[in-house]
Every structure is written in C-alpha cells, then in structure tokens.
Amino acid sequence: MYPELKLFIAGKWRTTSRDIPVVNPATEDEIGSLPCASKQDLDDALEAAVRGFRVWSRTSPRERSDTILRAAALLRERQEEIAHAITMEHGKPLKQARLEVIRGAEFFEWDAGEAMRTYGRVIPAAPGHKFSVHHQPIGVVAAFSPWNFPMSQPARKIAGALASGCSIILKAAEETPAGAIHIAKAFEDAGLPAGVLNLVFGEPAEISGHLIPQDPVRLVAFTGSTAVGRHLTTLASEHMTSVLMELGGHAPVIVCEDTDVKAAGISSAVRKMRNAGQVCTSPTRFFAHESIFEDYATTFVERAAATVVGNGMDQNVEMGPLANDRRVPALIELVEDAREKGATVATGGAKHGDKGYFFQPTVLLNVPDNARIMQEEPFGPVAVINPVSSLDDAIGKANSVPYGLAGYAFTNRADYIDRLIDEVEVGNLSINTLEASMPETPFGGVKSSGYGREGGTEGLDNYMIVKNVWHSADIT
C-alpha cells in the first residue's frame, strides 16, 4: 500500500494547500498527492529544528544511539511495506527495493555505533596547562536527497546528522517521497524528540533558496547533479555555511587482459542495468584491453540484451523503468549523438514499449572521444565499451572526465593494482567487484564529484565542529 503523503514538522504531520501528483513510472498512473511546503512551513521547520537541536545536542551519545537503533529495527520490521511503496513510486524491481530498505537500516545501525565514538583527544602541554580537543554537533542541517534511492539516500543524511547530535530538515525528492516518509514514521515511533527530524517537499529551488540563507542552518548536505551542487555551494558560501556534496559521476571500468573475461562481462552487464543505471556510481565507461575486447564486448552485449525489463512488481523483472519522463528523451539524444559520430549501437538505443518510462538496455561500442556521452553522465541503462592498448591508455581515459566518484577494475596483477590505487582519480575504487561502498566505508568523490564523506568512521566529520580548549591553572 502506498502511504499517505504529508510534511513532518515539529513532530506533527501536516498537509498544505498546494499538491503535486506522484506517478508510478511503470504505469504512468497517479498513485499519490504530495503536499508542497510554503515559506511558512519552512519557517516552522526551522524553528522546530532550532528547538530540536537544543534538546538533541544535549542528549547523551548512548541515548541518541539507542533511539536510532530502535528506528532501524522498525524499518527492518516494515521492510515489505516500504519496499512495495518504493517500487510503486520509483519502478525498481521489488527485490532491489527490499535490499534498499535493509541498506538504509544498516546506515542507521552503523552511525548509531559511531555516535558513541566521536572521540576527542588530549594534547601534551606545559605544567599548569591542558590542551584538549572536542567534537561537537555543528547545528541545524538542511539536507537534500535525490530520487534514485528513495530510502537509502535520505537514510545517509539523517543517520549522520542524528548520530552527531544535529537536528535536520530534509527535503526529499518529490518523485519518490515514500522512503523518507517511512523513515520519519519510524523515528516518530522510536521516540525521537519533536523537531529533531523535519521532512518537507516542494519545488527544490524554492526550498533551497529559502532555507540555506537562514542563520540557524550550519550545514548543507546534498546528493545530486554537479550543476545543482555548484549552485548550492555558491549559495552556502555567501553565508559561510559548511557543505557536504555528493555529486555526479561517470564511472570508468578498466578491464585488464589477465581477467576472467566471461565473468567480468556478465558482472559488468548485470551491474550496469541495476536500478536502470540510475546510480551515481554506476559503471558506464568500460575500457577493455584490445586483446580481450571482442570477447568481453560480446559477453556484455549478450547479457545486457537478455535483461528482463518490466514492471518492478513482476517477480522475474531485472530492470524497471526510468524514474521520470525526462530521462527517456535525454538518453535518446545521447545515443543518437554517439551514433552520428561513428559509434556502433550493439543493442538497445530506444524507448522500450508504449506505456511507462522504460528504456532498452543499451550498449555502445567504439565510441569516439568527441561524443557527448564520453563526458556526460547518462544516468540510465546505457554503457560505452571501448578498446585500450595498455594500462596507461586505460588510466588516461578513465581520468579524462571532470568527475571522480567511483572507478572499477578487473585484474589480479599486483603491479596493476598498485598503479590503479595511485593513479585513478576517484574517491572510491573497487577491484574485481562493482560494489562501490558499504555503511562502514567512507563514501564521496573528488574533482567535480564533490567533497566530504558519508559513512565509515569519517562519516560524522562534516556534521561536527572541532573545538580546541586551552585550560590554564593560573591566570596568565
């Protein structure tokens, strides 16, 4: 069942006078009506967050941790209900939605532990003096989560803020609001004090433009496109507000000549089509050594073409629709541009079916460097496979884009691995796997893919300030 959609402010659910429809991308049917926050709603959320911060920042780390763990347990208990709602609004296969709910719970569970490990330190000093370093919550957080992972993306932001002792106002994606709604319900039921977590929806530019300049907001945490991230960073800088930016990617995959070609080809195709390619860490630019290029490309294309596309509620479906109607024409433009410039469309390349926002699993071969897709993240089920002559050639091509979020490689050669670690310009490098991160590992990008980290022991750093204390026994 799809949940009733409301704002959550100061511990209360509320409706508004302006609504927008939420559409199932597989059927194009309206499934919900989402209230849009007014400026008064946003001001109420700010006031509530200020009050919530006063309470939550003074709550002991263990009590904060216990509250977060209670909410995580409720999310696990409600997995099936939440997963169905995610598939309805996003379109991803139900199996993937179930896994996303668990991953969201895991983010909360990890950060709940980190809440009790925000250690300071004592610095040796002269007699009669003490130097100590303390980590304290930064304040009210304004967070913005995208539509591609309706549960796990809001969870990352909320987990880091709450574990650190901050209050948060989350603007979740209007296309996929159910995950954030269920998180707020779980924390309400877990006994989180009113005002610590506030949830709003509406026009992104209106909400960011109103919240970010406000004095109580001390951190802007955003996941989304590089263009929007730059805009929000500029806006925040005018008010000396800290930012945590997880932005776009265009992940390279380097396939070395020593790898198991068939296994790598199958793994690559399956992973590329996960979430219909709508993942910031999605492997997109595949660079295979020329000695194995034909075999690798053939395996990849065959597996990609065999991907079962359809409504995510159907049991055998492997790939659902794109999350909104804007993505289909955008992908067609990228494919046609590559074709016109000499690329081979080995499979796919067009809309899939008449109903819903489906796109065919698509593989482009021998794509020239001047094709748009070589620099623009497709954010869809479109892969590029090109041959390379050497590891030097592969690394050069991998680093030829402004993005640096995730990168991958298939090889077992120790000398290759050492070079990949040293030379591939990404924040997350995976070798012989196309998984990019776990809750216990730090996640974030370099270059135009942003800065700051979520997850791992570094995950709370952006949500805290570092305070140095000098205590002298005598007045000096």
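First residue of the sequence shown: 1, per the UniProt record's numbering; consecutive thereafter. Where is the CB? At the ideal position from N, CA and C, for every residue including glycine.
Presumed contact (8 Å Cβ cut-off) between residue i and residue j, rounded CB distance
i: Val424; j: Gly407; result: 5 Å
i: Phe300; j: Ala269; result: 5 Å
i: Ala323; j: Trp147; result: 5 Å
i: Pro439; j: Phe107; result: 5 Å
i: Cys256; j: His231; result: Not confirmed; about 39 Å, so no contact.
i: Tyr451; j: Met240; result: With 8 Å as the limit, Tyr451 and Met240 do not qualify as a contact, their Cβ atoms being about 16 Å apart.
i: Thr87; j: Lys355; result: Between Lys355 and Thr87 the Cβ distance is about 16 Å, and since that is not below 8 Å, they are no contact.
i: Pro216; j: Gly139; result: 7 Å
i: Ala71; j: Ala190; result: 4 Å
i: Ile183; j: Ala143; result: With a Cβ gap of about 12 Å, Ile183 and Ala143 do not count as contacting.
i: Pro93; j: Gly312; result: 4 Å
i: Phe149; j: Pro35; result: Not quite, the Cβ-Cβ distance comes to about 22 Å (not below 8 Å), so this is no contact.
i: residue 550; j: Gly427; result: With the chain represented from 1 up to 476, any question about residue 550 goes unanswered, as that position is not in the structure.
Per DSSP, the bridge partner or partners of residue i
i: Phe144; result: Lys171 and Phe222
i: Ala406; result: Asn428
i: Ala246; result: The sequence given here has Glu at residue 246, not Ala. Paired residues: Thr223 and Gly450.
i: Leu34; result: Ile20
i: Arg121; result: Val133
i: Ser472; result: His129
i: Ala251; result: Pro283
i: Arg14; result: Leu7
i: Met464; result: Pro137
i: Phe443; result: Glu454
i: Val309; result: Met319
Separation of residue j from residue i, as counted between CA atoms
i: Leu247; j: Glu238; result: 20 Å
i: Phe287; j: Ala398; result: 8 Å
i: Thr344; j: Leu364; result: 6 Å
i: Tyr2; j: Asp19; result: 16 Å
i: Glu294; j: Pro252; result: 18 Å
i: Glu435; j: Ile212; result: 33 Å
i: Lys341; j: Arg372; result: 10 Å
i: Arg58; j: Pro321; result: 45 Å
i: Tyr403; j: Ser208; result: 24 Å
i: Glu458; j: Asp111; result: 10 Å
i: Glu114; j: Leu460; result: 8 Å
i: residue 486; j: Cys166; result: Examination of residue 486 is not possible in this model, given that the chain is present from 1 through 476 alone.
i: Gln375; j: Val367; result: 11 Å
i: Ala180; j: Lys467; result: 33 Å
i: Leu74; j: Thr226; result: 34 Å
i: Asp337; j: Ala350; result: 13 Å
i: Ala105; j: Gln153; result: 11 Å
i: Arg14; j: Gly52; result: 18 Å
i: Ala394; j: Asp418; result: 15 Å
i: Asp474; j: Gly120; result: 24 Å
i: Ala161; j: Gly348; result: 42 Å
i: Ala49; j: Asp325; result: 35 Å
i: Ile431; j: Thr411; result: 7 Å
i: Arg64; j: Ser164; result: 9 Å
i: Val261; j: Ile158; result: 41 Å
i: Glu109; j: Asp369; result: 44 Å
i: Ile266; j: Gly277; result: 15 Å
i: Gln136; j: Met464; result: 5 Å
i: Ser145; j: Val220; result: 11 Å
i: Thr298; j: Asn198; result: 50 Å
i: Cys280; j: His250; result: 7 Å
i: residue 487; j: His352; result: This structure leaves residue 487 out entirely; the chain is present only between 1 and 476.
Unbroken alpha helix (DSSP H) run spanning residue i, endpoints
i: Pro283; result: Pro283 -> not in any alpha helix (DSSP H); beta strand (DSSP E) instead, spanning Pro283 to His289.
i: Gln153; result: Ser152 to Ser164
i: Asp422; result: Ala414 to Glu423
i: Met88; result: Gln79 to His90
i: Ala263; result: Val261 to Lys272
i: Val101; result: Leu94 to Glu114
i: Ala45; result: Lys39 to Trp56
i: Ala297; result: Phe293 to Ala305
Host beta strand (DSSP E) of residue i (start-end)
i: Phe8; result: Leu7 to Ile9
**Q.** Runs of beta strand (DSSP E) lying entirely within the segment 184 to 235, each at least 3 residues, in chain order
**A.** 197 to 200 and 217 to 223
What are the uninterrupted segments assigned as alpha helix (DSSP H) that are 4 or more residues long and contained completely in the segment 319 to 392, given in chain order?
327 to 340
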